[in-house]
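Engineer: Letter by letter, the sequence shown follows residues 9 to 130 in our numbering. The beta-carbon is built from N, C-alpha and C at its ideal position, and this holds for glycine as well. Bear in mind that the values here come from a model prediction, so they are computed numbers and not experimental data.
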Amino acid sequence: MVTADNDKLDQLVIEARRASEQRDLGYREQALKMYPHICGRCAREFDRKNLHELTVHHRDHNHSNNAADGSNWELLCLYCHDNEHQRQLEAQQGNTSSGSGKNSSASFNPFGDLKSMLEDKK
Numbered sequence: 009m010v011t012a013d014n015d016k017l018d019q020l021v022i023e024a025r026r027a028s029e030q031r032d033l034g035y036r037e038q039a040l041k042m043y044p045h046i047c048g049r050c051a052r053e054f055d056r057k058n059l060h061e062l063t064v065h066h067r068d069h070n071h072s073n074n075a076a077d078g079s080n081w082e083l084l085c086l087y088c089h090d091n092e093h094q095r096q097l098e099a100q101q102g103n104t105s106s107g108s109g110k111n112s113s114a115s116f117n118p119f120g121d122l123k124s125m126l127e128d129k130k
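(1) Going by DSSP, name the residue or residues bridged to residue 46.
(2) Taking the alpha carbon of residue 35 as the reference point, which residue from 45, 63, 92, 52 has its own alpha carbon closest?
(3) Would DSSP call residue 109 helix, strand or coil?
(4) State whether the segment 43-61 contacts the segment 9-25, with contact taken as three or more CB pairs (one from each stretch) at a distance under 8 Å.
(5) Check whether the Cβ atoms of residue 51 and residue 81 sit closer than 7 Å, and answer yes or no.
(6) Classify residue 2 as helix, strand or coil using the three-state DSSP reduction.
(7) Would you give the residue range spanned by the beta strand (DSSP E) that residue 83 belongs to?
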């Protein structure tokens, strides 16, 4: 009886992991088609050789919130993505020494003024 329960549990874990991987591939591919291959924090550029180092970050930290318009996603390099999650953990623990508020995040946005820069070139 114990082995039957373990088999069911193992199968459930396998199916959950497979579903998670499929979901990740879906929104990652969408985000890579939607956004330039540049880290949204440090502005590092990525090409075919190092694209695997560019990750999709969920702005609200909810991995199930995958709006088709990509409004909850931003592309971050591995380092900036890890840093963002560390900042979130510290904010949740009440350690805000690295930021100014509970949910502080990096404020630099390399595309923040893109529209006006493009208009200036015209």
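Structural biologist: On the basis of the coordinates in this document:
(1) Residue mapping note: residue 46 aligns to position 38 of the sequence shown, counting from 1. Partner(s): 53.
(2) Position 27 of the sequence shown, counted from the first residue, corresponds to residue 35. Looking at the Cα atoms, 63 is the closest of the given residues.
(3) Working through the sequence shown from its first residue, we reach residue 109 at position 101. Model confidence at residue 109 stands at a pLDDT of 47, short of 50, so the residue's coordinates are unreliable and nothing is read from them.
(4) no
(5) To locate residue 51, count along the sequence shown from 1; it is residue 43. To locate residue 81, count along the sequence shown from 1; it is residue 73. Not closer than 7 Å, so no.
(6) Residue 2 lies beyond the range of the chain shown here (9 to 130); nothing can be said about it.
(7) Residue numbering aside, residue 83 sits at position 75 when the sequence shown is read from its first letter. Run containing residue 83: 81-85, per the beta strand (DSSP E) assignment.
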